[in-house]
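In my numbering, the protein residues as written are 20 to 545. We put the beta carbon where it would ideally sit given N, CA and C, even for glycine. Source: prediction; values computed, not measured. Report on one structure; see the data block that follows.
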Amino acid sequence: MNNVATLDQQPLDAVIIGAGFAGLYQLWSLRKLGLRVRVVDAAAGVGGTWYWNSYPGARTDSPSNVYQYWFSDELLEEWNWQQRYPDQQESERYFNYVADRFDLRKDISFNTRVESATWDDSTRRWNVKTDTGLTLNTQFVITAMGPLSAPLVPMFKGQESFKGRLVHTARWPREGVDLKAKRVGVIGTGATGIQVVQTIAPEVAHLTVFQRTANYAVPMINPRYDDADRAAIRAKYPETRKAIWTTFIGFDIPGQTRPFFSIPADERREILETLWADGTLRLWVAGFAEVFFDPAANHEVSEFVREKIRERVKDPKVAEILTPKDHGFGTRRVPLENGYFTTFNRPNVDLVDLRATPIECITEKGIRTSAGEIELDVIILATGFDAGTGGFLAIDFRGRNGVSLREEWKKEVRTTMGLQIHGFPNLFTTSAPYAPVAAFCNAPTCLQHQVQWITECIDYLHKNDRAVIEPTAEAEQRWLAHHDEIANQTLVAKTKSWYTGSNIEGKHFRLLSYIGGLPAYIEACD
Ligand code: NA7
Numbered sequence: 020m021n022n023v024a025t026l027d028q029q030p031l032d033a034v035i036i037g038a039g040f041a042g043l044y045q046l047w048s049l050r051k052l053g054l055r056v057r058v059v060d061a062a063a064g065v066g067g068t069w070y071w072n073s074y075p076g077a078r079t080d081s082p083s084n085v086y087q088y089w090f091s092d093e094l095l096e097e098w099n100w101q102q103r104y105p106d107q108q109e110s111e112r113y114f115n116y117v118a119d120r121f122d123l124r125k126d127i128s129f130n131t132r133v134e135s136a137t138w139d140d141s142t143r144r145w146n147v148k149t150d151t152g153l154t155l156n157t158q159f160v161i162t163a164m165g166p167l168s169a170p171l172v173p174m175f176k177g178q179e180s181f182k183g184r185l186v187h188t189a190r191w192p193r194e195g196v197d198l199k200a201k202r203v204g205v206i207g208t209g210a211t212g213i214q215v216v217q218t219i220a221p222e223v224a225h226l227t228v229f230q231r232t233a234n235y236a237v238p239m240i241n242p243r244y245d246d247a248d249r250a251a252i253r254a255k256y257p258e259t260r261k262a263i264w265t266t267f268i269g270f271d272i273p274g275q276t277r278p279f280f281s282i283p284a285d286e287r288r289e290i291l292e293t294l295w296a297d298g299t300l301r302l303w304v305a306g307f308a309e310v311f312f313d314p315a316a317n318h319e320v321s322e323f324v325r326e327k328i329r330e331r332v333k334d335p336k337v338a339e340i341l342t343p344k345d346h347g348f349g350t351r352r353v354p355l356e357n358g359y360f361t362t363f364n365r366p367n368v369d370l371v372d373l374r375a376t377p378i379e380c381i382t383e384k385g386i387r388t389s390a391g392e393i394e395l396d397v398i399i400l401a402t403g404f405d406a407g408t409g410g411f412l413a414i415d416f417r418g419r420n421g422v423s424l425r426e427e428w429k430k431e432v433r434t435t436m437g438l439q440i441h442g443f444p445n446l447f448t449t450s451a452p453y454a455p456v457a458a459f460c461n462a463p464t465c466l467q468h469q470v471q472w473i474t475e476c477i478d479y480l481h482k483n484d485r486a487v488i489e490p491t492a493e494a495e496q497r498w499l500a501h502h503d504e505i506a507n508q509t510l511v512a513k514t515k516s517w518y519t520g521s522n523i524e525g526k527h528f529r530l531l532s533y534i535g536g537l538p539a540y541i542e543a544c545d
């Protein structure tokens, strides 16, 4: 238990909001500088995304060798990854191990939600208020809420009238949900929906999948590791650790270097087959760069993947509904799948095409589409997040002269490199819009880079007797102009998805994530 009265009175150097990947590392790093730090998290435990998203089938789409911390050689030696793609339980265990190993918990207030953070220009400090009554006074505030922390629980008409169980995947009850022999409906076929559907289909009596947009997905190969595998992976750590900073997207695998159309068609096909068979996201993150900006190259790769989907689904009508046609491969987040498409060959699984028969409302008994009512015992919303901005908008940030971040971002979402915001002194932001983190980076790599940058910056300020740092409006404008210039050359910025904010009604259509590549971002930060 936190002693609220004692904590209240201690002036802090830094408050970190969030005890997930970035937050824990930020705490460790600032502690090393000798700073007084407190982490606040609404959850009852560490792990962030890997605490909240405990839905069936949740796992990383990044391999464990690049989905981990690099700050401690001891940790790299001690932690034994069990599989290439850790599931939610393994990921959560990892964060708990880190928290205990480095004695982080004593500086974390759990079950505590930050409600507001107000800058006081006279003291040059922030006042942070929480829902437990804990208030904190601090020189710096560092946000580490993660880019996907505000779940979208769409208010379908009649949602509250449903007499069965309705759950969002990102607020999955810790005690689990009994799905055995139940009639279950899943709304959403993004990375999350795909994982849920392929996992629960064998267990439920009947599964109805409500799809608005068909998604590409690449098959996952997820070997379990034994000691020999782990030794081989560890032997490569020195290389891996270097490689992640140099690739476009923060993985350890470089992309193709030959221009797409300089390669003869049959050889291109062979390369695509090899990338496909890798069982990783290589086809997307280390494939051909042209996929992101050249419509002809994108078309060819998209057709290749469409063929693969059609091959696996027995009923040609179902296959057509599952085959994406309204966007190109890689322009939205490409999930890995493990039996997703073949799930639709099962007799207990139905697919509802919401483009043809939209949801009209949720009823007492289930979901009514324009084609009729489908009775259900459980409705699972795999409907995603208010990405990038949602976590910030949940907190009332007040900067210089009482300026409200919520009000400012209604006009335009602005950040400087996704690290700071003009008008909000001494506020550092990890995973904010316009850094690569949210979409075009292996998140752990980019988050660790941001944490290191923030740590060095704070260290510099202290060593040089500077109390306040804030980007100028001009610097912010320069970054946004650069961001837009690069984004607008890509097909991604023209495609509807959470990357461009189109999943939220009224959200400004603009690419959320910097797409100039991690090396360019690091150079700009330096
Ligand atoms: P996503 O990728 O945003 O997927 C959400 C899904 O839910 C997607 O299929 C949406 O259809 C669907 N959706 C959202 N709202 C509705 C409504 N109102 N009606 C019908 N269908 C709806 O979220 P995920 O959680 O899967 O993944 C988020 C990220 O987490 C993922 O990219 C990884 O990085 C980890 P739409 O495509 O908008 O038509």
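Do residue 442 and residue 422 come within 8 Å of each other at the CB atom, strictly closer than that value? As a position in the sequence shown, residue 422 is number 403, starting the count at 1. As a position in the sequence shown, residue 442 is number 423, starting the count at 1. Yes, Cβ-Cβ distance for residue 422 and residue 442 is below 8 Å.
Who are the near neighbours of residue 417 in its chain, counting only those whose CB is closer than 8 Å to its CB and skipping five residues on each side? To locate residue 417, count along the sequence shown from 1; it is residue 398. Sequence-distant Cβ neighbours of residue 417 in its own chain, meaning closer than 8 Å and more than five residues away, are 135, 136, 137, 138, 423 and 424.
Label residue 39 either buried or exposed according to how many other C-beta atoms from any shown protein chain fall within 10 Å of its C-beta, with 16 as the threshold for buried. Locating residue 39 in the sequence shown gives position 20, where the first residue counts as 1. So residue 39 ends up on the buried side.
Under 6 Å Cβ to Cβ from residue 325, same chain only, skipping five residues before and after it: list those, please. The residue you call residue 325 lines up with position 306 of the sequence shown. Counting only Cβ-Cβ distances below 6 Å, and skipping sequence neighbours, we find 342.
Could you tell me whether the region 453-473 touches the region 258-277, where touching means 3 or more Cβ pairs closer than 8 Å? Judged by Cβ distances under 8 Å, the region 453-473 makes contact with the region 258-277, as three or more pairs qualify.
For residue 527, collect the residues of the same chain with a Cβ closer than 8 Å to its Cβ; drop the 5 residues on either side in sequence, then sort them by chain order. Taking the sequence shown and counting its residues from 1, the one referred to as residue 527 is at position 508. For residue 527, where only same-chain residues beyond five positions count, the Cβ hits under 8 Å are 431, 432 and 520.
Mind listing, in chain order, the continuous alpha helix (DSSP H) runs of no fewer than 4 residues lying wholly within the region 326-373? Qualifying alpha helix (DSSP H) stretches, in chain order: 335-341 and 359-362.
Alpha-carbon to alpha-carbon, residue 75 and residue 264: Here residue 264 is taken as the residue at index 245 of the sequence shown, counted from 1. Here residue 75 is taken as the residue at index 56 of the sequence shown, counted from 1. In a straight line, the C-alpha of residue 264 is about 32 Å away from that of residue 75.
Can residue 533 and residue 385 be called in contact, C-beta distance under 8 Å? Residue numbering aside, residue 533 sits at position 514 when the sequence shown is read from its first letter. Residue numbering aside, residue 385 sits at position 366 when the sequence shown is read from its first letter. In this structure, residue 385 does not lie closer than 8 Å to residue 533 by Cβ.
Would you say the beta carbon of residue 69 is closer than 7 Å to some non-hydrogen atom of the ligand NA7? The residue you call residue 69 lines up with position 50 of the sequence shown. False, no ligand heavy atom lies under 7 Å from that Cβ.
Find out if the Cβ-Cβ distance for the pair residue 450, residue 457 is shorter than 8 Å. As a position in the sequence shown, residue 450 is number 431, starting the count at 1. As a position in the sequence shown, residue 457 is number 438, starting the count at 1. Annotated as proximal: residue 450 and residue 457, with beta-carbon spacing under 8 Å.
Assuming residue 359 and residue 213 are in contact, meaning their beta carbons sit under 8 Å apart, how far apart are those beta carbons, in whole angstroms? Taking the sequence shown and counting its residues from 1, one reaches residue 359 at position 340. Taking the sequence shown and counting its residues from 1, one reaches residue 213 at position 194. Their Cβ separation, rounded to whole angstroms, is 5 Å, which keeps residue 359 and residue 213 in contact under 8 Å.
Pairwise C-alpha distance: residue 153 and residue 24: Here residue 24 is taken as the residue at index 5 of the sequence shown, counted from 1. Here residue 153 is taken as the residue at index 134 of the sequence shown, counted from 1. Since pLDDT at residue 24 reaches only 45, below the 50 mark, its modelled position is unreliable, and the value read off the structure follows with that caveat. Taking the straight line joining both Cα atoms gives about 8 Å.
Any 3 or more C-beta pairs closer than 8 Å across the region 476-486 and the region 505-516: At 8 Å Cβ cutoff, the stretches do not touch.
What is the rounded straight-line gap between the Cα of residue 236 and the Cα of residue 366? Working through the sequence shown from its first residue, we reach residue 236 at position 217. Working through the sequence shown from its first residue, we reach residue 366 at position 347. Roughly 22 Å separates the two Cα atoms.
How long is the line joining the alpha carbons of residue 147 and residue 363, rounded to whole angstroms? Position 128 of the sequence shown holds residue 147. Position 344 of the sequence shown holds residue 363. One C-alpha to the other measures close to 49 Å.
The ligand SAH and residue 449: does the residue's C-beta get closer than 7 Å to at least one heavy atom of that ligand? Among the ligands present in this structure, namely the ligand NA7, the ligand SAH is not found.
Cα-Cα separation, residue 328 to residue 133: Working through the sequence shown from its first residue, we reach residue 328 at position 309. Working through the sequence shown from its first residue, we reach residue 133 at position 114. So the two alpha carbons sit approximately 44 Å from each other.
Which listed residue (545, 393 and 243) has its alpha carbon closest to that of residue 474: Your numbering for residue 474 matches position 455 in the sequence shown. The shortest CA-to-CA distance from residue 474 to any of 545, 393 and 243 is the one to 545.
Residue 454 (DSSP reduced to helix, strand or coil): What you label residue 454 is simply residue 435 of the sequence shown in a count that begins at 1. Residue state, collapsed to three classes: coil.
Cβ separation of residue 510 and residue 311, assumed to be a contact under 8 Å, to the nearest whole Å: Mapped onto the sequence shown, residue 510 falls at position 491. Mapped onto the sequence shown, residue 311 falls at position 292. Between residue 311 and residue 510 the Cβ distance is about 6 Å, and since that is below 8 Å, they are a contact.
Please report how far the alpha carbon of residue 376 lies from the alpha carbon of residue 227, in whole angstroms. Position 357 of the sequence shown, counting from 1, holds the residue named residue 376. Position 208 of the sequence shown, counting from 1, holds the residue named residue 227. For residue 376 and residue 227, the distance between alpha carbons rounds to 14 Å.
Report yes if the C-beta distance between residue 514 and residue 351 is below 8 Å; otherwise report no. If you number the sequence shown from 1, residue 514 lands on position 495. If you number the sequence shown from 1, residue 351 lands on position 332. Residue 514 is a Cβ neighbour of residue 351, given a cutoff of 8 Å.
Measuring CA to CA, which of 192, 306 and 186 is closest to residue 395? Within the sequence shown, numbered from 1, the residue matching residue 395 stands at position 376. Per the C-alpha coordinates, the member of 192, 306 and 186 positioned closest to residue 395 is 186.
Applying the criterion that 16 or more other CB atoms from any shown protein chain within 10 Å of the CB defines a buried residue, is residue 149 buried or exposed? Position 130 of the sequence shown, counted from the first residue, corresponds to residue 149. Buried: at least 16 other Cβ atoms inside 10 Å.
When you compare each of 62, 90, 145 and 58 to residue 123 by their alpha carbons, which one comes out closest? Along the sequence shown, read from residue 1 onward, the residue named residue 123 stands at position 104. Taking only the C-alpha atoms, the option nearest residue 123 is 58.
Is the beta carbon of residue 410 less than 8 Å from the beta carbon of residue 207? Locating residue 410 in the sequence shown gives position 391, where the first residue counts as 1. Locating residue 207 in the sequence shown gives position 188, where the first residue counts as 1. No, these two residues do not count as a Cβ contact at 8 Å.
Heavy atom of the ligand NA7 within 7 Å of residue 387 beta-carbon: Translated into the one-based positions of the sequence shown, residue 387 becomes position 368. No, the Cβ of residue 387 stays beyond 7 Å of every heavy atom of the ligand NA7.
Can you give, in chain order, each stretch of the beta strand (DSSP E) that sits fully within the region 141-179 and has at least 3 residues? Unbroken beta strand (DSSP E) stretches of 3 residues or longer found wholly inside the region 141-179: 144-149 and 154-162, given in chain order.
Under a three-way DSSP split, which group does residue 272 fall into? Start at 1 with the first residue of the sequence shown, and residue 272 comes out as number 253. The three-state reading of DSSP puts residue 272 in coil, since its state is none of H, G, I, E or B.
Counting only the same chain and skipping the five closest in sequence on each side, list residues whose C-beta sits under 7 Å from that of residue 259. For this step, residue 259 is matched to residue 240 along the sequence shown. Here the set comprises 84, 85 and 271.
Tell me, which residues are paired with residue 521 by DSSP? Residue mapping note: residue 521 aligns to position 502 of the sequence shown, counting from 1. DSSP links residue 521 through a beta bridge to no other residue.
When every heavy atom of the ligand NA7 is checked, does at least one fall within less than 7 Å of the C-beta of residue 517? Position 498 of the sequence shown, counted from the first residue, corresponds to residue 517. Yes - the ligand NA7 has a heavy atom lying nearer than 7 Å to the Cβ of residue 517.
Would residue 420 pass as a contact of residue 488 if the rule is Cβ separation under 8 Å? To locate residue 420, count along the sequence shown from 1; it is residue 401. To locate residue 488, count along the sequence shown from 1; it is residue 469. No, the pair does not count as a contact, with Cβ atoms beyond the cut-off.
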